[in-house]
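This report concerns only the one structure given below.
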Amino acid sequence: MNIEFAGLAETSPLAVRGTIIKREDIHHISIDVIGCLLVHGHVFTGKLKVQGDCSIKKQLHAREVHNLGSLRLHRIKAGQILSSGYLAIKEQADAEEIWVDGAVRGNRLFASRTIELCLGSTCRAEQIKAGQSIIVKPSSRMLNTLMQPFRRLTCHTLKSPHINLYHTHAKLVEGEDIVIGPGCKIENIRYSRSLTIHPKSCVKHAVQVNSHE
């Protein structure tokens, strides 16, 4: 995904240390939020880093997003999304890569390359699609390791050529090569090449389809 930001290099960086409310669209080469930022318009930036609380009512356009705090969005178009805090997307995320080790609540998560979800908290999404791969795995953080049996991804549809799941509840999983790891409950699987199911997971129905279907 090629994100163009005409004239963005000439804009100033924005550092939020207290509370800032913007009712108009904003353009900054970088935005660093340690305090609280509320934007009612669109946001255009090269890099957004959130360590506090950030809420954007319209669309965020960014080359890179790094969330360590709380980030609430309506829509987002980005090159790379990295989140180890709380991420909520009301409508849709479009990115090249999405990596999460925390909580995510979203309607549609789409990536042209990869989506990796480390279950640092309970995650929910309606649709998750990736052009190359979707990976759901345990969090590597110590506290989350102790709570891992209680963490799961709940999703209606996951679709990608290569899918590897862990503690996932889904209605439909569709891809070429699919690995269903432990703790999963899947209603339907459509795969074209290979399917592996962990003995501690439940799959109601699986069908192999032609790759052109």
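So for the sequence shown, the working numbering puts the first residue at 120; every next one is plus one.
Glycine residues also receive a C-beta, built at the ideal position from the N, C-alpha and C atoms.
How many Å lie between residue 173 and residue 239 at the Cα?
20 Å
Cβ pair residue 249, residue 279 closer than 8 Å
yes
Using three-state DSSP, classify residue 187 as helix, strand or coil.
coil
Assign residue 328 to buried or exposed, taking buried as 16 or more other Cβ atoms, counted over all protein chains shown, within 10 Å of its Cβ.
exposed
Measuring only the C-alpha atoms, how far is residue 186 from residue 286?
24 Å
Considering only C-alpha positions, which residue in the set 141, 198, 154 and 146 is nearest to residue 176?
141
Express the C-alpha separation of residue 274 and residue 83 in angstroms, rounding to a whole number.
Nothing about residue 83 can be read from this structure; the chain reaches only from 120 to 332.
Taking the alpha carbon of residue 231 as the point to measure from, which residue in 215, 237 and 244 has its own alpha carbon closest?
215
Which residues share a DSSP beta bridge with residue 296?
281 and 313
Could you tell me how far apart the beta carbons of residue 333 and residue 312 are, in whole angstroms, since I believe they sit closer than 8 Å?
The first residue shown for the chain is 120 and the last is 332, placing residue 333 beyond what the model contains.
Within 10 Å of its beta-carbon, does residue 270 have 16 or more other beta-carbons around it, so buried, or fewer, so exposed?
buried
Opposing strand residues paired with residue 334 [DSSP bridges]
For the chain, the structure presents residues 120 to 332; residue 334 sits outside this window and is missing.
Taking just the CA atoms, how far does residue 127 sit from residue 341?
Absent from the model: residue 341. The displayed extent of the chain is 120 to 332, so no value can be given.
Helix, strand or coil at residue 129 according to DSSP, with G and I counted as helix
helix
Using only alpha-carbon positions, find the residue among 194, 195, 165 and 189 that is nearest to residue 182.
165
From 136, 156 and 134, pick the residue whose C-alpha is nearest to that of residue 143; which is it?
156
Cβ atoms of residue 133 and residue 150: under 8 Å apart, would you say?
yes
Residue 140 - DSSP class collapsed to helix/strand/coil:
strand
Three-state secondary structure assigned by DSSP to residue 327
strand
Chain-order list of residues whose beta-carbon lies under 6 Å from that of residue 251 (same chain, five-residue window excluded):
232 and 233
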